[in-house]
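In UniProt numbering, the protein residues as written are 1 to 370. As structure tokens, the structure follows; a few thoughts come after it.
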Amino acid sequence: MTASPHPSNERHAAPVAPAAAAGTDRGPDRARTSGAGGVALSRRARPLAVGPAACLLLTGCGAQVQKDAAAGAEKTIENCGRTSTYATPQRPVAYDVSAIEKMFALGLSDRMRGIVMPKTVTSVIDKSPYKEDYQRVETISDSVLGQEAVVSAKADWVFAGWQAGFSEARGVPPDSLQGVGINSYMQHETCKGFQGDTSDPNPLDATNEDLKDLGKIFGVEDRAEKLVKELEDERRELREAPRPENPARVFVYDSGTSEPYTAGHRTSLNEMIDLAGATSVTKDLDARWDTVGWEFVVKSSPQAVVVVDYNKQPVQEKIDYLTKESPIKDSPAVKNGDIYVMDYGEAVSGPRTMDGAQKLSDYLKTKGLR
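Structural data, given as structure tokens:
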């Protein structure tokens, strides 16, 4: 499959469908209810307690002892084809939900200088198990990652993805930050294409690598190992669950009318669909997030649609477009009302990925598609 070009690889900068009149179609209403229930916290999705009293509750705590011991120690990290050595960051900044929640999941919010959280995705905060962490840490910018914001915040380390964060076009590549004394760490999932990097890791494996590296960088290796083990245990359970002989065809719809913006094979969501017992119709798209032609999607005859929910556009507008105007309005998925709403915080790589995969699997079971 050939992907259509897209002006930006920013995950939240996808094309947006124009507003449609609010509908009362019971199919979309039912799908929305089925896919957007309350947040159920799994053992590993609960925010880690931090602070002196909470240390007794943590496997890796010693957290304060680890923190103090690690503060002056230099760590050598292999990241996206580069080797970097630096002291434990004292004023770290993370960009967008994926990187931010990886930090939060390891109990690091009290050690962060701030976050850069695009206003187009702030709707995830109220649904996140890390809501208190979001409230605790200062938002130093509500736009895309830019050098001015992190320099003004006197950050000494930035965690983001390549293109989805760090960017030559916006003047904020890692080398530029290094030039003003700011170290950086890049999400492994996004490495491909950075300075000739040809790595193409499984997105879920890449998340585990990020978590283990964060554990090393911040001296919380025990926490990281515990979290990775829990994620892998849940991943194995999903993979080993009975799977249909002919898995259901699932189309991921982010946004867009002239061309839909969707998930390629280098996204966690592609892997989540597979773990849920189905198959993504764009699994061969050699990209993370990109546009494709509607003709291809129509021919794939999807049996379920996953709609990504974030506040750049009301999710009901997306559902109304799919059911009333889109080229796939007569597909099995739309005609049967099999439209599942997934929160952005679960759709991107991070500590909530396995929860998202399990909920999607449960939904497909209720619809007779797993």
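Positions of the beta carbon are idealized from the N, C-alpha and C atoms, including for glycine. A quick note: this is a predicted structure, and the numbers were derived from the prediction, not measured.
Cβ shell of residue i (< 8 Å), same chain only, five flanking positions each side left out
i: R266; result: E189, K192, D200, P203, D286, A287 and R288
i: residue 376; result: Absent from the model: residue 376. The displayed extent of the chain is 1 to 370, so no value can be given.
i: E101; result: S128, Y130, G345, G350, P351 and R352
i: A73; result: A87, T88 and G219
i: V298; result: P327, I328 and S331
i: G171; result: G146 and Q147
Cutoff 6 Å; reference residue i; Cβ partners in own chain excluding five residues on either side
i: V281; result: R249, F251, S300 and P302
i: S98; result: V348, S349 and G350
i: I217; result: K75
i: L360; result: A276
i: A160; result: Y95, A99, L145 and F166
i: K367; result: D338
i: Y134; result: I125
i: A206; result: H188 and E189
i: R111; result: none
i: N336; result: none
i: A54; result: Any answer about A54 is weak, because its pLDDT of 40 lies below 50 and its placement is not dependable; what the coordinates show is given next. Once the five neighbours on either side are set aside, A54 has no close Cβ partner at all.
Cβ-heavy atom distance, residue i to the ligand PLP, below 8 Å
i: S141; result: With respect to small molecules bound, the structure shown includes none, and the ligand PLP cannot be examined in it.
Unbroken alpha helix (DSSP H) run spanning residue i, endpoints
i: I125; result: V124 to K127
i: S268; result: S268 to L275
i: G356; result: T353 to T366
i: R113; result: No alpha helix (DSSP H) contains R113, which DSSP labels as neither H nor E.
i: P174; result: P174 to G179
i: V150; result: Q147 to S152
i: E78; result: Segment E74 to N79 is the beta strand (DSSP E) holding E78; no alpha helix (DSSP H) there.
i: I319; result: V315 to K324
i: R136; result: K131 to R136
i: A333; result: P332 to K335
Alpha-carbon spacing of residue i relative to residue j, whole angstroms
i: R243; j: G179; result: 51 Å
i: P258; j: I77; result: Before going on, a small fix: residue 258 reads as Ser here, not Pro. Spanning the two alpha carbons is a distance of roughly 43 Å.
i: R82; j: D197; result: 9 Å
i: V151; j: P173; result: 13 Å
i: P28; j: Y340; result: In this prediction, P28 scores a pLDDT of 26, lower than 50, which makes its location untrustworthy; the coordinate-derived value is nonetheless stated afterwards. Between P28 and Y340, the C-alpha separation is close to 9 Å.
i: P314; j: D175; result: 37 Å
i: Q316; j: E148; result: 36 Å
i: R236; j: D222; result: 21 Å
i: V334; j: G264; result: 21 Å
i: I328; j: E295; result: 9 Å
i: G146; j: N79; result: 21 Å
i: Q90; j: D274; result: 39 Å
i: M272; j: I182; result: 34 Å
i: Y321; j: G256; result: 10 Å
i: E240; j: E234; result: 10 Å
i: F354; j: Q195; result: It is worth fixing the name first, because residue 354 is Met in this sequence and not Phe. So the alpha carbons of these two residues sit roughly 31 Å apart.
i: E245; j: T323; result: 29 Å
i: D362; j: L177; result: 44 Å
Cβ-based neighbour list, residue i, same chain, cut-off 7 Å, excluding 5 preceding and 5 following
i: A224; result: L106, L211, K212, L214 and G215
i: residue 371; result: The question about residue 371 has no answer here: the residues shown for the chain are numbered 1 through 370.
i: D309; result: A36, V315, V341, M342, D343 and Y344
i: P247; result: G277, A278 and T279
i: G142; result: The question names Gly, but residue 142 in the sequence shown is Asp. These residues qualify, in order along the chain: M117, P118 and K119.
i: L364; result: A248, A276, G277, A278, A304 and R370
i: G356; result: M272, M342, E346 and A347
Beta-carbon spacing of residue i, residue j below 9 Å
i: L269; j: M342; result: yes
i: W157; j: Q187; result: no
i: S109; j: M103; result: yes
i: D330; j: A304; result: no
i: N311; j: T122; result: yes
i: T307; j: K318; result: The sequence given here places Val at residue 307; Thr does not occur at that position. Their beta carbons are under 9 Å apart, which means V307 touches K318 by this criterion.
Outcome for residue i when other beta-carbon atoms lying within 10 angstroms are tallied against a minimum of 16
i: R370; result: buried
i: S184; result: buried
i: Q358; result: buried
i: A155; result: buried
i: A169; result: exposed
i: R26; result: The pLDDT assigned to R26 is 26, lower than 50, so where the model puts this residue is not dependable; a value taken from the coordinates is nonetheless given after this. R26 comes out exposed.
i: A63; result: Any reading at A63 must be qualified, since the residue scores a pLDDT of 45, below 50, and its modelled position is unreliable; the value itself is stated next. Buried: at least 16 other Cβ atoms inside 10 Å.
N- and C-terminal bounds of the beta strand (DSSP E) containing residue i
i: K229; result: Looking at the DSSP string, K229 is not in any beta strand (DSSP E); the run it does join, the alpha helix (DSSP H), is E221 to E240.
i: N183; result: N183 to M186
i: R82; result: R82 to A87
i: G161; result: W157 to W162
i: V341; result: I339 to D343
i: V308; result: A304 to D309
i: P92; result: P92 to Y95
i: A206; result: That residue, A206, is in no beta strand (DSSP E); its alpha helix (DSSP H) goes P203 to F218.
i: S141; result: T139 to S141
Contact with chain C by residue i, beta-carbon distance below 9 Å
i: N246; result: Given the protein chain composition of this structure (a single chain), no chain C is represented.
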